[in-house]
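Reviewing the structure listed below.
Residue numbers (the working numbering): 170 to 269.
Structure follows, in structure tokens:
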């Protein structure tokens with residue numbers, strides 16, 4: 170799964186998701202960055218490096234594994250592979266959306 174595949178998968182899930190009500194940043198380091206403006210309905214996905222209510226920081230490979238279901242996001246967080254900065258409430262909300 171490429172960065173573009175992940176971007177398309179997230180865009181598809183956002184198209185039918187309920188309003189998130191927050192701005193979420195997915196920071197993959199050198200692997201790229203995605204920004205979800207969930208204050209709009211439907212949410213807007215971009216590559217902006219803007220301020221976010223919640224930021225996920227992990228490798229692109231780890232995020233691919235989370236998206237395809239081979240890595241449990243809770244275990245990734247507990248082992249320090251996935252870092253979350255900001256609101257844990259929004260983090261859980263977006264995790265539920267991406268896990269569908």
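For glycine and all other residues, C-beta sits at the position ideal for the given N, C-alpha and C.
This one's a predicted model, so the numbers in the text were calculated from it and none came from an experiment.
Nearest-angstrom Cα separation, counted from residue j out to residue i
i           : j           : result
residue 258 : residue 210 : 19 Å
residue 185 : residue 266 : 10 Å
residue 241 : residue 201 : 21 Å
residue 237 : residue 229 : 12 Å
residue 206 : residue 187 : 13 Å
residue 246 : residue 183 : 23 Å
Expected contact under 8 Å - CB spacing of residue i and residue j to nearest Å
i           : j           : result
residue 252 : residue 227 : 7 Å
residue 264 : residue 191 : Not quite, the Cβ-Cβ distance comes to about 13 Å (not below 8 Å), so this is no contact.
Proximity test, Cβ basis, 8 Å: residue i and chain B
i           : result
residue 206 : In the displayed structure, chain B is absent; only one protein chain is listed.
Of the residues the options, the one placed nearest residue i, counting alpha carbons only
i           : options          : result
residue 215 : 195, 222 and 204 : 204
residue 196 : 224, 266 and 181 : 224
residue 260 : 193, 218 and 240 : 193
residue 222 : 186, 208 and 243 : 208
8 Å Cβ cutoff met for residue i and residue j
i           : j           : result
residue 212 : residue 189 : yes
Could you tell me whether the segment 226–245 touches the segment 174–186, using the rule of 3 or more Cβ pairs below 8 Å?
yes
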